[in-house]
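Note sheet for the following structure.
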């Protein structure tokens, strides 16, 4: 058989293939680990700091602290928003708690675009209004091409956010690195799903406290929201 | 059996390799979701789970490529089988603890948004992975098949003689 004659070159073939595969794997892992580190030099949206996990903060000195991790493409977040946002917005407006929004982007690129645009809206003082608009106009399918820079600026215009500052921020993806830092921070806090809500650092009970407005308000009250 | 075995080996390679390749390719596009999908099993410290989550898609792709071209088949079948066995353990313990095993948006992955545990989700995942472990075992036992590069490599290769 041919193999007996060509033992050496064939051995080379085997080593070459294994070497190439190992190369791809090692370079891939290295690249992924390097690109999924918190960026130290980055532009931060208004009211954001590292200490709050890069979240968008309302009422920074108030107690208790409510952290909300969400992804604008997530349908369950949409449901959560529909059920609880009126109350959350009241809490924010009345200064009854420090509320920190962490817009995640692990569902994909359209989440990155949306999170960036939400941060741009926050710079214009319109985060909560834009937040609601994003959920009201959520695409029924994830990453299907609905959420684009044009879509996001038009959504802003519908909510009364216009001007070159906002559109430039959306178009240039000014806060792209910030969206990465939100992801890395969520990863370090073991937040795996959206929505995830912490009251004073303690996660709500997934079974009962998210989708029932009475239970949700009760757990916030227990945490100190008066 | 003897006559069909080389073809079955090829089929097993393509099914196992194809599954791993698809799983890996889907995940490399979205590393933060891949990391979350390891964290949800709550078996490892968060920092280690994240590193594993970022690395696992590439490891899957590597094993898949070796299986598909058919190089070092015994070793890559073993690696694929170990990987699948790890998944079975992870899913099994998540099932026992009632942990949702899909990250991302709640509402699927064994536990719905209301916190109900759906046994069928874990069960189907485990059945699928057991099937893949059986394929790995078959490849380990019968590595010689059609269209495998190992055939052209030296005799001392695992699998060939």
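Protein chains in written order, with the working numbering: chain D, 1 to 226; chain Z, 1001 to 1161.
Think of the CB as a built atom: it goes at the ideal place given N, C-alpha and C, for glycine as much as any other residue.
If residue i sits next to residue j, beta carbons under 8 Å apart, how far is it from one beta carbon to the other, in whole angstroms?
{"i": "residue 57 (chain D)", "j": "residue 98 (chain D)", "result": "7 Å"}
{"i": "residue 117 (chain D)", "j": "residue 152 (chain D)", "result": "4 Å"}
{"i": "residue 1081 (chain Z)", "j": "residue 1148 (chain Z)", "result": "So it is not a contact: roughly 17 Å between Cβ atoms."}
{"i": "residue 179 (chain D)", "j": "residue 221 (chain D)", "result": "About 32 Å separates the two Cβ atoms, so there is no contact after all."}
{"i": "residue 110 (chain D)", "j": "residue 143 (chain D)", "result": "5 Å"}
{"i": "residue 177 (chain D)", "j": "residue 39 (chain D)", "result": "4 Å"}
{"i": "residue 32 (chain D)", "j": "residue 1058 (chain Z)", "result": "7 Å"}
{"i": "residue 113 (chain D)", "j": "residue 149 (chain D)", "result": "7 Å"}
Return no unless some Cβ of chain Z is closer than 8 Å to the Cβ of residue i.
{"i": "residue 218 (chain D)", "result": "no"}
{"i": "residue 81 (chain D)", "result": "no"}
{"i": "residue 199 (chain D)", "result": "no"}
{"i": "residue 106 (chain D)", "result": "yes"}
{"i": "residue 36 (chain D)", "result": "yes"}
{"i": "residue 112 (chain D)", "result": "no"}
{"i": "residue 203 (chain D)", "result": "no"}
{"i": "residue 145 (chain D)", "result": "no"}
{"i": "residue 187 (chain D)", "result": "yes"}
{"i": "residue 88 (chain D)", "result": "no"}
{"i": "residue 24 (chain D)", "result": "yes"}
{"i": "residue 18 (chain D)", "result": "yes"}
{"i": "residue 232 (chain D)", "result": "Residue 232 (chain D) lies beyond the range of chain D shown here (1 to 226); nothing can be said about it."}
{"i": "residue 132 (chain D)", "result": "no"}
Please report how far the alpha carbon of residue i lies from the alpha carbon of residue j, in whole angstroms.
{"i": "residue 119 (chain D)", "j": "residue 1072 (chain Z)", "result": "50 Å"}
{"i": "residue 141 (chain D)", "j": "residue 108 (chain D)", "result": "12 Å"}
{"i": "residue 76 (chain D)", "j": "residue 194 (chain D)", "result": "8 Å"}
{"i": "residue 47 (chain D)", "j": "residue 1026 (chain Z)", "result": "35 Å"}
{"i": "residue 52 (chain D)", "j": "residue 210 (chain D)", "result": "22 Å"}
{"i": "residue 42 (chain D)", "j": "residue 1033 (chain Z)", "result": "22 Å"}
{"i": "residue 1044 (chain Z)", "j": "residue 1036 (chain Z)", "result": "12 Å"}
{"i": "residue 257 (chain D)", "j": "residue 125 (chain D)", "result": "Since the displayed chain D opens at 1 and closes at 226, residue 257 (chain D) lies outside it and no answer follows."}
{"i": "residue 131 (chain D)", "j": "residue 102 (chain D)", "result": "12 Å"}
{"i": "residue 1135 (chain Z)", "j": "residue 1063 (chain Z)", "result": "14 Å"}
{"i": "residue 1050 (chain Z)", "j": "residue 22 (chain D)", "result": "21 Å"}
{"i": "residue 16 (chain D)", "j": "residue 79 (chain D)", "result": "52 Å"}
{"i": "residue 1158 (chain Z)", "j": "residue 1074 (chain Z)", "result": "For residue 1158 (chain Z), the pLDDT reaches just 47, beneath the cut-off of 50, and the residue's location in the model is therefore unreliable, although a value from the coordinates is still provided. Between residue 1158 (chain Z) and residue 1074 (chain Z), the C-alpha separation is close to 6 Å."}
{"i": "residue 24 (chain D)", "j": "residue 186 (chain D)", "result": "28 Å"}
{"i": "residue 65 (chain D)", "j": "residue 91 (chain D)", "result": "11 Å"}
{"i": "residue 1123 (chain Z)", "j": "residue 1024 (chain Z)", "result": "22 Å"}
{"i": "residue 1046 (chain Z)", "j": "residue 88 (chain D)", "result": "30 Å"}
{"i": "residue 1098 (chain Z)", "j": "residue 1028 (chain Z)", "result": "27 Å"}
{"i": "residue 1142 (chain Z)", "j": "residue 1014 (chain Z)", "result": "14 Å"}
{"i": "residue 215 (chain D)", "j": "residue 1042 (chain Z)", "result": "26 Å"}
{"i": "residue 1 (chain D)", "j": "residue 1065 (chain Z)", "result": "At residue 1 (chain D), the pLDDT of 38 sits below 50, so the modelled position is not reliable; the number obtained from the coordinates is stated separately. If I take the Cα positions, the gap works out to 27 Å."}
{"i": "residue 162 (chain D)", "j": "residue 127 (chain D)", "result": "13 Å"}
{"i": "residue 202 (chain D)", "j": "residue 188 (chain D)", "result": "15 Å"}
{"i": "residue 218 (chain D)", "j": "residue 85 (chain D)", "result": "15 Å"}
{"i": "residue 63 (chain D)", "j": "residue 1030 (chain Z)", "result": "35 Å"}
{"i": "residue 1003 (chain Z)", "j": "residue 37 (chain D)", "result": "53 Å"}
Counting only C-beta atoms, is residue i closer than 8 Å to chain D at any point?
{"i": "residue 1006 (chain Z)", "result": "no"}
{"i": "residue 1022 (chain Z)", "result": "no"}
{"i": "residue 1058 (chain Z)", "result": "yes"}
{"i": "residue 1012 (chain Z)", "result": "no"}
{"i": "residue 1100 (chain Z)", "result": "yes"}
{"i": "residue 1039 (chain Z)", "result": "yes"}
{"i": "residue 1032 (chain Z)", "result": "yes"}
{"i": "residue 1130 (chain Z)", "result": "no"}
{"i": "residue 1073 (chain Z)", "result": "no"}
{"i": "residue 1107 (chain Z)", "result": "Annotation note: pLDDT 44 at residue 1107 (chain Z) (below 50); position unreliable, coordinate value reported separately. True, the Cβ-Cβ gap to chain D drops below 8 Å."}
{"i": "residue 1089 (chain Z)", "result": "no"}
{"i": "residue 1051 (chain Z)", "result": "yes"}
Is the separation between the beta-carbon of residue i and that of residue j shorter than 8 Å?
{"i": "residue 1052 (chain Z)", "j": "residue 1038 (chain Z)", "result": "yes"}
{"i": "residue 154 (chain D)", "j": "residue 72 (chain D)", "result": "no"}
{"i": "residue 156 (chain D)", "j": "residue 121 (chain D)", "result": "yes"}
{"i": "residue 1127 (chain Z)", "j": "residue 1085 (chain Z)", "result": "no"}
{"i": "residue 1019 (chain Z)", "j": "residue 1144 (chain Z)", "result": "no"}
{"i": "residue 1011 (chain Z)", "j": "residue 1067 (chain Z)", "result": "no"}
{"i": "residue 29 (chain D)", "j": "residue 1055 (chain Z)", "result": "yes"}
{"i": "residue 1091 (chain Z)", "j": "residue 1125 (chain Z)", "result": "yes"}
{"i": "residue 68 (chain D)", "j": "residue 100 (chain D)", "result": "yes"}
{"i": "residue 96 (chain D)", "j": "residue 199 (chain D)", "result": "no"}
{"i": "residue 70 (chain D)", "j": "residue 104 (chain D)", "result": "yes"}
{"i": "residue 1094 (chain Z)", "j": "residue 1101 (chain Z)", "result": "yes"}
{"i": "residue 1140 (chain Z)", "j": "residue 1078 (chain Z)", "result": "yes"}
{"i": "residue 249 (chain D)", "j": "residue 45 (chain D)", "result": "It is not possible to answer for residue 249 (chain D), since the shown part of chain D is limited to 1 through 226."}
I'd like to know if residue i contacts chain A, where contact means its C-beta is closer than 8 Å to some C-beta of that chain.
{"i": "residue 1055 (chain Z)", "result": "Annotation note: the requested chain A is absent from the structure, which comprises protein chains D and Z."}
Measuring from the CB of residue i, is there a heavy atom of the ligand GDP at a distance below 7 Å?
{"i": "residue 1050 (chain Z)", "result": "Although the ligand GDP was asked about, the structure shown includes no ligands whatsoever."}
Whole runs of the beta strand (DSSP E) within the stretch 39-125 of chain D, excluding any shorter than 3 residues:
56-58, 65-71 and 98-104
Can you list, in chain order, the stretches of the alpha helix (DSSP H) that have 4 or more residues and sit fully within the stretch 1030-1088 of chain Z?
1031-1039 and 1046-1069
Along the chain, which unbroken stretches of the beta strand (DSSP E) at least 3 residues long are found entirely within the stretch 196-226 of chain D?
196-199
May I have a chain-ordered list of the beta strand (DSSP E) segments no shorter than 3 residues that lie completely inside the stretch 132-206 of chain D?
Counting whole runs of 3 or more residues, the stretch 132-206 of chain D contains the beta strand (DSSP E) stretches 196-199.
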